[in-house]
Each structure stands twice: as C-alpha cells, then as structure tokens.
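Since the structure comes first, as structure tokens, the remarks are kept for the end.
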Amino acid sequence: MTRSESSASFGLRCFDGPPSLMGQSHRHNDIELNFIVCGSIDYHFGSSTITFGERSLGVFWAAMPHQLVQSEPSTFMFWVTLPLALFLKWNLPAVLSKHVLDGKPASAGSSPMDEMMMRRWRADLATPDAEASHIMLLELEARLRRMARDLGTQEGLPAIRNVGRAPSSVGASKAQRMSHYISEHFMEALRVEQIARSVHIHPTYAMHLFRETFGVSIIDYLTQHRI
Numbered sequence: 007m008t009r010s011e012s013s014a015s016f017g018l019r020c021f022d023g024p025p026s027l028m029g030q031s032h033r034h035n036d037i038e039l040n041f042i043v044c045g046s047i048d049y050h051f052g053s054s055t056i057t058f059g060e061r062s063l064g065v066f067w068a069a070m071p072h073q074l075v076q077s078e079p080s081t082f083m084f085w086v087t088l089p090l091a092l093f094l095k096w097n098l099p100a101v102l103s104k105h106v107l108d109g110k111p112a113s114a115g116s117s118p119m120d121e122m123m124m125r126r127w128r129a130d131l132a133t134p135d136a137e138a139s140h141i142m143l144l145e146l147e148a149r150l151r152r153m154a155r156d157l158g159t160q161e162g163l164p165a166i167r168n169v170g171r172a173p174s175s176v177g178a179s180k181a182q183r184m185s186h187y188i189s190e191h192f193m194e195a196l197r198v199e200q201i202a203r204s205v206h207i208h209p210t211y212a213m214h215l216f217r218e219t220f221g222v223s224i225i226d227y228l229t230q231h232r233i
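Going by the numbering used here, the letters in the sequence shown line up with residues 7 to 233, in that order.
Put into structure tokens, the structure is as follows:
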C-alpha cells in the first residue's frame with residue numbers, strides 16, 4: 007500500500023507472533039491495540055517515532071498512516087483490531103477516546119492479566135461461537151475503560167511520558183493543531199479555509215502540510231471522523 011491507500015477495516019481480529027517490519031506506511035479504519043509480551047517495537051506516525059516497550063499496551067487509531075520500522079529480535083506481541091464504530095459506540099472517557107481520535111497513540115503499563123486475556127481473546131475469535139465473541143468485546147471494553155482511568159490519574163496528556171518525541175518541525179505542529187481542530191468541530195460544516203484559518207496559514211499550504219504530516223488529505227481525515 008502507498009501512504010494514501012487504506013483498507014476499510016480488518017474487522018474484529020486478534021493476532022500474535024513476532025512483528026514484521028513494514029516497507030511503507032499503511033492505514034485501516036480500526037482502533038488497534040498492541041500488547042508487547044517481550045522486546046519492543048518502533049512505529050513512525052507522521053513526523054514522530056513511537057516506541058512501545060516490553061509489557062506495555064499501546065492503543066492508536068490505525069486510520070493514521072503508521073509504519074513499523076524497528077523491533078528487537080526477541081519481540082513477541084499481540085495485535086487486536088477493533089472496528090471504529092464499536093469503539094465510538096462505547097462512549098469511552100475522553101482522556102482516552104479524544105486523545106486517540108486526535109491521531110495520537112496512547113500507552114500504559116500492562117496489568118498482570120493482559121497476556122492471559124489476549125490469549126483468551128485470540129482463542130475466542132478463532133471459534134464460530136458468537137457468545138465467545140460477545141464476551142470478548144465486553145472484556146475489551148472493560149480493559150479500555152480501565153486504561154482510561156489509569157491515564158486520567160497521570161499528569162499531562164496520556165502517552166507523552168512513554169511514547170516518542172514531539173513533532174520535529176513547526177509545520178508538523180501546525181498540522182497536529184489542525185487535526186485537533188477537526189476533532190473538536192467535525193460535526194460542523196467545516197471547510198478547508200476555516201481549518202487553515204485556525205492555525206493562521208493559507209488553505210493551499212494547509213492542505214500540503216496536512217498530507218505531508220499525516221499521509222491523508224484534510225477532507226479524508228474529516229470524513230473518517232464523521233464516519
């Protein structure tokens with residue numbers, strides 16, 4: 007896939023194993039959870055490099071172009087993909103949901119139960135038993151609510167302490183401010199000119215800057231929020 011291509015959704019799935027490095031960025035319209043059993047991985051998200059370390063649980067909106075660029079040789083991990091519609095339906099606390107939908111990964115230390123639950127979720131989704139999938143979703147919602155509560159007790163924005171560095175340029179900072187503006191106003195009749203005006207730049211430059219940072223157009227990003 008190129009940076010501008012996307013898969014609509016992988017659906018509700020759980021995988022495990024050693025990670026494979028990505029030759030280029032990709033995106034899909036799911037919330038993705040990464041649980042690192044051992045080792046660590048590095049992603050590129052826009053202008054930032056994000057590290058998820060051993061025994062950590064990372065959550066991000068995979069509609070944002072991301073590329074797994076490095077992992078320790080011993081790394082073993084679990085991935086869960088959760089369709090965005092289910093994530094939104096749960097109406098999770100803003101300390102997690104708003105942060106993630108702003109295009110920022112969140113990370114927290116794992117609980118002693120995480121590895122056991124991931125293995126159980128993988129087994130549940132490998133069976134045709136609808137009740138097993140329903141139970142898995144209830145447990146996943148509860149885990150994300152617990153994560154939101156833990157993040158809410160930390161000072162500052164979640165994930166800043168653990169996962170990566172600030173944008174490397176003033177331009178990337180303006181793109182992230184536009185992303186934040188869209189997240190707050192996406193239900194309004196937004197126009198590119200209005201979004202650009204929120205960071206005091208010309209609309210043409212705003213469109214270029216946004217695509218350069220996030221790999222998607224402003225219109226596509228706005229549409230993803232509305233969906």
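Don't be surprised by glycine CBs; every beta carbon is placed ideally from N, CA and C. All values reported here derive from a predicted model rather than from experimental measurement.
Restricting attention to beta strand (DSSP E) runs no shorter than 3 residues, the region 46-87 encloses them at 47-51, 54-58, 62-67, 72-77, ordered along the chain.
Here DSSP, grouped into helix, strand and coil, assigns residue 114 to strand. Of the other Cβ atoms in all chains shown, 16 or more fall within 10 Å of the Cβ of residue 219; this residue is therefore buried. Under DSSP, no beta-bridge partner is assigned to residue 29. By the Cβ-count criterion, residue 40 is buried, with 16 or more other Cβ atoms from all chains shown falling within 10 Å of its own Cβ.
Setting aside the 5 residues that flank it on each side, residue 230 is surrounded in the same chain by 35, 69, each with a C-beta closer than 7 Å to its C-beta; the list follows chain order.
In the DSSP assignment, residue 225 falls within the alpha helix (DSSP H) that extends over 224-232. Rounded to whole angstroms, residue 51 and residue 183 show a C-alpha spacing of 15 Å. Taking each of 96, 214, 190, 73 in turn and checking the Cα distance to residue 181, the smallest one comes out for 214. Judged by DSSP secondary structure, residue 41 falls within the beta strand (DSSP E) whose first and last residues are 36-44. When the Cα atoms are used, residue 205 and residue 139 turn out to be separated by approximately 44 Å.
Counting along the chain, no beta strand (DSSP E) covers residue 197, and no H or E run does either.
Residue environment for residue 135: exposed (fewer than 16 other C-beta atoms within 10 angstroms of its C-beta). When only Cα atoms are considered, residue 124 and residue 211 end up about 44 Å apart. Our two residues, residue 119 and residue 48, have alpha carbons roughly 24 Å apart in a direct line.
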